[in-house]
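Each residue of the sequence shown is one higher than the one before, counting from 48 in the working numbering. From the three backbone atoms N, C-alpha and C, an ideal C-beta is built for every residue, glycine too. Note that the coordinates shown come from a computational prediction; the quantities given were computed from them, not determined experimentally. Report on the following structure.
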Amino acid sequence: MNLLDIVRREPTPEPWAEGEKIPWNEPGFSARMLAEHLTQEHDAASRRTERIEQHVRWIHGQVLQGRPSRVLDLGCGPGLYTQRLAALGHSCVGIDFGPASIAYARQQAAASQADCTYVEGDIRAIDYGPAESFDLAMLIYGELNVFRRAEALTILQKTRQSLKPGGRLLLEPHTFQAVQEEGQRPSTWYTSETGLFSERPHLTLYEAFWHADQAATTHRYYIVDAEMGAAARYAFSMHAYTEEDYRQLLADAGFSNTVFYPSLLGEPDPSQSGLLAIVAQP
Ligand SMILES: C[S@@+](CC[C@H](N)C(=O)[O-])C[C@H]1O[C@@H](n2cnc3c(N)ncnc32)[C@H](O)[C@@H]1O
Numbered sequence: 048m049n050l051l052d053i054v055r056r057e058p059t060p061e062p063w064a065e066g067e068k069i070p071w072n073e074p075g076f077s078a079r080m081l082a083e084h085l086t087q088e089h090d091a092a093s094r095r096t097e098r099i100e101q102h103v104r105w106i107h108g109q110v111l112q113g114r115p116s117r118v119l120d121l122g123c124g125p126g127l128y129t130q131r132l133a134a135l136g137h138s139c140v141g142i143d144f145g146p147a148s149i150a151y152a153r154q155q156a157a158a159s160q161a162d163c164t165y166v167e168g169d170i171r172a173i174d175y176g177p178a179e180s181f182d183l184a185m186l187i188y189g190e191l192n193v194f195r196r197a198e199a200l201t202i203l204q205k206t207r208q209s210l211k212p213g214g215r216l217l218l219e220p221h222t223f224q225a226v227q228e229e230g231q232r233p234s235t236w237y238t239s240e241t242g243l244f245s246e247r248p249h250l251t252l253y254e255a256f257w258h259a260d261q262a263a264t265t266h267r268y269y270i271v272d273a274e275m276g277a278a279a280r281y282a283f284s285m286h287a288y289t290e291e292d293y294r295q296l297l298a299d300a301g302f303s304n305t306v307f308y309p310s311l312l313g314e315p316d317p318s319q320s321g322l323l324a325i326v327a328q329p
């Protein structure tokens with residue numbers, strides 16, 4: 048891809064047509080992303096430690112009622128939640144397709160002898176293990192919205208099968224308004240010596256699109272290598288759901304007793320107002 052391809056780009060890309068996701072599972076990207084998960088300077092890939100510890104206290108006390116439980120964390124990243132849940136007496140399995148994140152999570156679990164197992168795999172396709180084996184399955188930090196609705200439904204159906212009777216699903220998706228506002232952001236560009244998409248000096252061109260008819264936002268990035276002039280395109284889309292849509296999606300996947308919370312703290316969190324928490328049961 049070169050500059051001419053950028054000039055002649057699709058003016059309004061269809062949701063998911065130009066890419067499924069940012070390349071979490073590409074080894075170089077995954078290694079650079081690991082540093083973003085772990086930094087205490089921002090909350091972009093994972094939240095900072097203080098907030099994660101508050102979330103874990105709410106999950107342990109309110110969602111799990113303090114009972115030692117088997118926990119499945121889908122899209123677990125470097126295991127920042129599972130390690131802390133294990134320290135509170137839970138037994139955890141984390142699945143993620145980022146190789147650097149999974150390697151880090153395994154290393155941390157071995158060092159602290161935490162009761163955590165990590166599996167490198169794509170949660171759309173991988174087996175979640177024997178049926179009815181978890182008390183809690185979680186998919187947090189907005190990742191549900193990044194899947195097409197049909198894929199989100201598959202993930203939720205697989206999750207339902209993996210939960211024990213009386214078990215709980217914990218989701219932390221985006222509000223409809225947050226996804227819509229992201230799609231209405233102005234285009235922007237910036238230069239970097241090194242960054243998430245490339246370790247070489249590059250120019251990033253960013254565009255967002257809101258597709259009201261499909262209730263979806265598409266984010267598109269062109270990364271132009273400053274020395275070579277070669278360009279690469281990355282795109283991902285996010286589905287916007289109203290609370291009613293979430294209720295319907297969960298009902299379609301076989302969940303009921305759906306309860307909404309303003310955040311993973313159980314109370315409004317002004318720093319995370321674009322996310323909500325949902326607990327449901329098979
Ligand atoms: C925003 S991060 C959140 C990580 C972690 N849950 C946290 O809050 O610290 C999203 C994670 O989902 C993972 N992910 C995204 N799509 C995935 C897929 N299809 N299969 C497995 N993991 C996926 C990414 O690799 C990334 O680690």
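Original post:
Between which two residues does the beta strand (DSSP E) containing Thr129 stretch?
Top reply: Counting along the chain, no beta strand (DSSP E) covers Thr129; the unbroken alpha helix (DSSP H) around it starts and ends at Leu127 to Ala134.
**OP:** Measure the beta-carbon distance from Leu210 to Leu296 and round it to whole angstroms, keeping in mind my assumption that it falls under 8 angstroms.
**Re:** That pair is no contact at about 16 angstroms.
Original post:
Roughly how many whole angstroms lie between the Cα atoms of Pro220 and Thr86?
Top reply: Their backbone Cα atoms lie some 22 angstroms apart in a straight line.
**OP:** Tell me whether Tyr237 is buried or exposed, calling it buried when 16 or more other Cβ atoms sit within 10 Å of its Cβ.
**Re:** exposed
Original post:
Can we count His221 as close to ligand 1, meaning its CB is less than 7 angstroms from some heavy atom?
Top reply: no
Original post:
So what's Leu311 in DSSP terms, helix, strand or just coil?
Top reply: coil
**OP:** Kindly indicate which residue of Gln227, Pro212 and Phe256 has the alpha-carbon position closest to the one of Glu57.
**Re:** For Glu57, the nearest C-alpha among the options comes from Phe256.
Subject >> Collapsed DSSP secondary structure at Lys10 in the structure displayed >> reply: Only positions 48 to 329 of the chain appear in this structure, which leaves residue 10 out of reach.
Original post:
Is DSSP giving Ile149 helix, strand or coil here?
Top reply: Correct three-state label for Ile149: helix.
Original post:
At a cut of 8 angstroms, does the region 300 to 319 reach the region 191 to 206 through at least three beta carbon pairs?
Top reply: yes
Original post:
Which parts of the region 70 to 116 are runs of the beta strand (DSSP E), unbroken and 3 residues or longer, counting only runs that do not cross its ends?
Top reply: None, since the region 70 to 116 contains no complete beta strand (DSSP E) of that length.
**OP:** With DSSP collapsed to three states, give me the class of Gln231.
**Re:** coil
Original post:
Rounded to the nearest angstrom, how far is the Cβ of Ile106 from that of Ala278, given a contact under 8 angstroms?
Top reply: Actually they are not in contact, since the Cβ atoms of Ile106 and Ala278 sit about 42 angstroms apart, beyond 8 angstroms.
Original post:
Thinking just about the alpha-carbon of each residue, which of Leu127, His89 and Gln112 is nearest to the one in Ile99?
Top reply: Leu127
**OP:** Could you please give the first and the last residue of the uninterrupted alpha helix (DSSP H) stretch that includes Leu252?
**Re:** No alpha helix (DSSP H) holds Leu252; the beta strand (DSSP E) holding it covers His249 to His258.
Subject >> Burial state of Gln154, where buried means 16 or more other Cβ atoms lie within 10 Å >> reply: exposed
Original post:
For Ser400 versus His84, is the C-beta spacing smaller than 8 angstroms?
Top reply: Any question about residue 400 goes unanswered here, given that the chain covers just 48 to 329.
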